[in-house]
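Asker: Below you'll find the structure I mean.
Numbering (the working numbering), first residue to last: 919 to 1169.
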């Protein structure tokens, strides 16, 4: 050891040991941070997602085009009826069904997520920004955690129509397990409906703060989807057991 350093700290071996331990801890922390930065999996999981990416991921993960093929085919055969409410709500004068489906001014056949956004729109899972001129979808901007959760719950088919449909504020005034201040804002009255359902079914984690207005990441969305799929499977198994018990009362 350098004797001059030892003399400067007064020969205090405990202090010397503490300084050495602190240096090692700092070095280890920096190495872990650099490793996380270099880790491509970490970078991917923490990447923020756009509206288009979220919708596409959900449509693909839940195989909505295949699962809802009967409804989607019927919708395509009766587009005027299928999009009657959608057209009434939208301010986009360019809505068209021929020669191709055009629901938003910024979602065209050349758009990356054209098909998935149309599928989600047909199923009533998404819509454009109603308060903006021409009601754009804005597939390129990021999406919040609460918005992503709402679409996941709709795609999972776990919630009844009455539970999903935002009818009135009175129906959603109840406590929530989360402490976020945003949940107390009047304009966010619908947040609790989805958060409480998701919490009760193990789709969202048991933590103090959900951070509803923060941007959803790849890892967070994947976790929501996986949890929703597990909850859906559990509900299906329960219904099958109940049906078996009804058919076989003596079993």
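C-beta atoms are modelled at their ideal positions from N, C-alpha and C, and glycine is treated no differently.
Nothing here was measured: the structure is a model prediction, and the numbers come from that model.
#1: Apart from the five residues just before and just after residue 1204, which ones in its own chain have a Cβ nearer than 6 Å to its Cβ?
#2: Any idea what DSSP makes of residue 1020, helix, strand or coil?
#3: Alpha carbons only, please: which of 1145, 1144, 1100 and 1115 is nearest the one belonging to residue 1127?
#4: Excluding five sequence neighbours on each side, which residues of the same chain lie with their C-beta closer than 7 Å to the C-beta of residue 1076?
#5: Enumerate, from N- to C-terminal direction, the unbroken alpha helix (DSSP H) stretches of 4 or more residues contained entirely within the stretch 987-1019.
#6: Please report the distance separating the alpha-carbon of residue 966 from that of residue 1139.
#7: Can you give the Cα-Cα distance for residue 999 and residue 988, rounded to whole angstroms?
#8: Among 1063, 1008, 1115 and 1013, which has the Cα closest to the Cα of residue 973?
#9: What are the boundary residues of the alpha helix (DSSP H) that residue 1103 is part of?
#10: Just the C-alpha distance for residue 1005 and residue 1020, rounded to the nearest angstrom, thanks.
#11: Can you tell me the Cα-Cα spacing of residue 983 and residue 1053, whole angstroms?
#12: Whether or not the stretch 1128-1135 and the stretch 1059-1073 are in contact is what I'm after, with contact meaning three or more pairs of Cβ atoms, one per stretch, closer than 8 Å; do they touch?
#13: Return yes when the Cβ of residue 977 is within less than 8 Å of the Cβ of residue 1034, no when it is not.
#14: Closer than 7 Å to a non-hydrogen atom of the ligand FAD - does that hold for the CB of residue 964?
#15: Kindly identify the DSSP beta-bridge partner or partners of residue 1059.
#16: With distances taken Cα to Cα, identify the nearest neighbour of residue 1009 among 1018, 994, 1022 and 1097.
#17: Where DSSP assigns a beta bridge to residue 1025, which residues make up the other side?
#18: In the structure shown, what three-state DSSP assignment does residue 1094 receive?
#19: When the Cα atoms are used, what is the spatial distance from residue 1121 to residue 993?
#20: Rounded to whole angstroms, what's the CA-CA distance from residue 1013 to residue 1124? Just pull it up for me.
#21: If you drop the 5 nearest sequence neighbours on each side, which residues of the same chain put their C-beta closer than 7 Å to that of residue 970?
#22: Is it buried or exposed for residue 1078, if we count other Cβ within 10 angstroms and need 16 for buried?
Answerer: This is what the structure holds:
#1: This structure cannot speak to residue 1204, because the chain is shown only from 919 to 1169.
#2: strand
#3: 1100
#4: Contacts found: 1119, 1146, 1149, 1150 and 1153.
#5: 987-995, 997-1000 and 1002-1007
#6: For residue 966 and residue 1139, the gap between their C-alpha atoms comes out near 10 Å.
#7: Distance from the CA of residue 999 to the CA of residue 988, rounded to the nearest whole angstrom, comes to 16 Å.
#8: 1063
#9: Neither: residue 1103 is in no alpha helix (DSSP H) and is coded neither H nor E.
#10: 11 Å
#11: 24 Å
#12: yes
#13: yes
#14: Ligands are entirely absent from the displayed structure, and the ligand FAD is therefore not among its contents.
#15: Answer is none; residue 1059 lacks a bridge partner.
#16: 1022
#17: 1022
#18: coil
#19: 30 Å
#20: 43 Å
#21: 1030, 1031, 1035, 1057 and 1058
#22: With a threshold of 16 other beta carbon atoms within 10 Å, residue 1078 falls short and is exposed.
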